[in-house]
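Protein chains in written order, with my numbering: chain A, 1 to 134; chain B, 1 to 134. All residues carry an ideal CB built from backbone N, CA and C; glycine is no exception. Quantities reported herein were computed from a predicted structural model and do not represent experimental measurements. Presented below is the structure to which this report refers.
Protein chains: 2
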Amino acid sequence: MADQIISDRLRAAGLRPTRQRLALAALLLSAGPRHLTAEMLYDEVRKAGVTVSLATVYNCLHQFTQAGMVREVVVDPGRSYFDTNVSEHHHFYHEATGTLTDIPGETIPLGTLPAAPEGKVIDRAEVIIRLRDA
Amino acid sequence: MADQIISDRLRAAGLRPTRQRLALAALLLSAGPRHLTAEMLYDEVRKAGVTVSLATVYNCLHQFTQAGMVREVVVDPGRSYFDTNVSEHHHFYHEATGTLTDIPGETIPLGTLPAAPEGKVIDRAEVIIRLRDA
DNA sequence: ATAGCTGCAAATGCTTTGCAAGGCC
DNA sequence: GGCCTTGCAAAGCATTTGCAGCTAT
Chain A
1 MADQIISDRL
11 RAAGLRPTRQ
21 RLALAALLLS
31 AGPRHLTAEM
41 LYDEVRKAGV
51 TVSLATVYNC
61 LHQFTQAGMV
71 REVVVDPGRS
81 YFDTNVSEHH
91 HFYHEATGTL
101 TDIPGETIPL
111 GTLPAAPEGK
121 VIDRAEVIIR
131 LRDA
Chain B
1 MADQIISDRL
11 RAAGLRPTRQ
21 RLALAALLLS
31 AGPRHLTAEM
41 LYDEVRKAGV
51 TVSLATVYNC
61 LHQFTQAGMV
71 REVVVDPGRS
81 YFDTNVSEHH
91 HFYHEATGTL
101 TDIPGETIPL
111 GTLPAAPEGK
121 VIDRAEVIIR
131 LRDA
């Protein structure tokens with residue numbers, strides 16, 4: 001993905017296209033769907049030769065999440081995954097390996113969701129299918 | 001719930017019915033469905049006048065989980081909830097207040113789940129409906 | 001008696017924060 | 001120049017662990 005495009009996306013989100021943010025966004029958005037922890041992204045970006053601190057990776061991931069560029073997935077107490085696929089879809093989670101996999105969007109027809117309790121609205125529904133070895 | 005019954009359940013799980021475990025299990029199992037964090041349970045059991053350490057609460061919660069007496073629910077990065085309702089059901093999660101609520105079992109017909117990837121089997125499928133204020 | 005539990009405190013792992021220095025517009 | 005960002009290190013939480021002492025059977 002061209003730096004220019006990423007640069008524009010960052011600007012559109014109100015984020016200045018700094019070297020760190022460009023590098024992180026490029027890694028996240030250039031490949032296909034990915035599921036990464038902050039630590040994994042940190043390792044990647046440093047291997048790519050960019051100087052970044054882990055704190056900045058966390059900060060950027062949250063900024064990107066807020067901007068709708070990635071989505072946070074909670075499957076493991078004490079570790080957050082970030083998903084570069086922000087479209088409606090669900091996940092397999094293989095606990096033994098800590099691996100997240102997308103379930104194609106259409107595969108689970110959630111049908112009619114139950115009504116939200118009084119005074120609240122549904123933000124989103126997510127399905128997690130936990131796997132173990134056969 | 002009679003101490004005797006709880007005692008038997010612990011024994012059946014291969015756990016010695018110690019004072020701490022009896023107190024914790026009684027709090028968890030005597031009332032209706034509940035969603036508690038370790039810290040919440042710790043506060044309760046101490047208010048009930050029982051001497052327990054937080055470490056023991058964690059240990060017991062995991063033992064109870066393994067024994068199928070409670071279920072762990074992961075909705076919040078960095079905090080685990082334990083659900084005393086171990087039957088098939090799903091959850092509303094209100095992020096603003098950190099409140100978990102059961103969705104009655106029949107309300108979400110998950111229908112045909114997608115096949116698990118090669119070499120894996122489905123452990124269980126859970127649906128989390130995230131809520132925000134209207 | 002003895003295998004299993006518990007408490008405490010220390011350690012761990014992930015994540016966040018405070019603040020001075022640096023970079024983008 | 002001014003404001004936003006970053007880096008580093010320290011702080012913060014929730015959770016786990018090691019180990020000596022206690023307890024249920």
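If we cut at 7 Å on Cβ distances, does Ala116/B have a partner in chain A? As a position in the second sequence, residue 116/B is number 116, starting the count at 1. It does: the Cβ of Ala116/B has a partner Cβ on chain A nearer than 7 Å.
Starting from the Cα of Val52/B, find the closest Cα among Gly68/B, Gly78/B, Thr84/B and Arg19/B and give me that residue. Within the second sequence, the letter at position 52 stands for residue 52/B. When only C-alpha atoms are compared, the closest one is Arg19/B.
**Asked** What residues match up with His90/A in a beta bridge as DSSP calls it?
**Response** Position 90 of the first sequence, counted from the start, is the residue given in the question as residue 90/A. Partner(s): Ile103/A.
Helix, strand or coil at Val140/B according to DSSP, with G and I counted as helix: No answer is possible for residue 140/B: it lies beyond the span of chain B, which begins at 1 and ends at 134.
Which value, in whole angstroms, describes the spacing of the CA atoms of Arg21/A and Cys60/A? The count along the first sequence starts at 1 and reaches residue 21/A at position 21. The count along the first sequence starts at 1 and reaches residue 60/A at position 60. Approximately 7 Å between the Cα atoms of the pair.
- prompt: Run through DSSP, which three-state label would Arg21/A get?
  reply: Numbered from 1 along the first sequence, position 21 holds the residue referred to as residue 21/A. Helix.
Check distances from the C-beta atoms of the stretch 86 to 99 of chain A to those of chain B and list, in chain order, the residues that come in under 7 Å.
-> Phe92 and His94
task: Could you tell me which chain A residues have their CB closer than 9 Å to the CB of His133/B, listed as they occur along the chain?
output: In the second sequence, the residue the question calls residue 133/B occupies position 133. According to the sequence as given, residue 133/B is Asp; it is not His. Within 9 Å Cβ-Cβ: Gly119, Lys120 and Val121.
Note to self: On the CB-based measure, 16 or more other CB atoms within 10 Å of its CB, does Ser80/A come out buried or exposed?
What the structure shows: What you label residue 80/A is simply residue 80 of the first sequence in a count that begins at 1. It is buried - the Cβ of Ser80/A has at least 16 other Cβ atoms within 10 Å.
Exercise. Check distances from the C-beta atoms of the stretch 64 to 83 of chain B to those of chain A and list, in chain order, the residues that come in under 8 Å.
Key: Glu72, Val74, Val75, Asp76, Pro77, Gly78, Arg79 and Ser80
Q | Contact the stretch 3 to 10 of chain B vs the stretch 109 to 128 of chain A: 3+ CB pairs below 8 Å | A | no
Distance, Cα to Cα, Thr99/B vs Gly49/A?
Looking up residue 99/B in the second sequence gives position 99. Looking up residue 49/A in the first sequence gives position 49. Going from the Cα of Thr99/B to the Cα of Gly49/A covers about 43 Å.
- Any idea if Asp83/A is buried or exposed, counting beta-carbon neighbours within 10 angstroms, 16 or more meaning buried? In the first sequence, counting from the first residue as 1, residue 83/A sits at position 83. The residue is buried, with at least 16 neighbouring Cβ atoms inside 10 Å.
Partners in chain B for Arg19/A, counting only beta-carbon separations shorter than 8 Å | Start at 1 with the first residue of the first sequence, and residue 19/A comes out as number 19. Simply none; closest approach about 28 Å.
- request: Compare the C-beta of Glu126/B with all C-beta atoms of chain A and state if any pair is closer than 7 Å.
  value: Here residue 126/B refers to the residue found at position 126 when the second sequence is read from its first residue. Yes, because at least one Cβ of chain A sits closer than 7 Å to the Cβ of Glu126/B.
- Query: Pick from Met69/B, Arg132/B, Glu118/B and Ala12/B: whose alpha carbon is nearest that of His35/B?
  - Reply: Here residue 35/B refers to the residue found at position 35 of the second sequence. Checking every option, the nearest Cα to that of His35/B belongs to Met69/B.
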